[in-house]
Amino acid sequence: MVELVGIIGSGFICVAFLFKNVIWIRLFDSVGAILFIIYGLMIHSFSTILLNGILILIQLVNLYKLWRNKK
């Protein structure tokens, strides 16, 4: 079960590279990062949790900027 969460998270991040639309890239990458945070919690890996938490914050800031510029 633990490995499955990490594998699915990796899948989301890999699929994100297939998109051309930046919004979809950031959304899929964020889902992957959330799954990696769950994985990090399951394996008690602070570095995994920290890295992916920072990546989510970066993705959210960039998604907000994209949304704000569309208005």
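When we follow the working numbering, the leftmost residue of the sequence shown carries the number 16, and every step to the right adds one.
Built from N, CA and C at the ideal position, the CB exists for glycine as well.
When you compare each of the options to residue i by their alpha carbons, which one comes out closest?
i, options, result
"glycine 21", "Lys86, Lys85, Leu33 and Ser60", "Ser60"
"lysine 80", "Val30, Ala31, Thr63 and Val37", "Val37"
"tryptophan 82", "Trp39, Thr63 and Ile58", "Trp39"
"arginine 41", "Leu66, Met16 and Val76", "Val76"
"glutamate 18", "Ile58, Phe27, Cys29 and Ile69", "Ile58"
"leucine 65", "Ile52, Ser45 and Cys29", "Ile52"
"isoleucine 28", "Lys86, Gln74 and Ser62", "Gln74"
Could you round the C-beta distance between residue i and residue j to whole angstroms and report it? I think they count as a contact, below 8 Å.
i, j, result
"isoleucine 87", "leucine 50", "Because residue 87 is not part of the residues shown, which for the chain are 16 to 86, the question remains open."
"glycine 47", "alanine 31", "7 Å"
Would you say residue i lies against chain B (beta-carbon separation less than 7 Å)?
i, result
"methionine 57", "You won't find chain B in this structure, because it holds only one protein chain."
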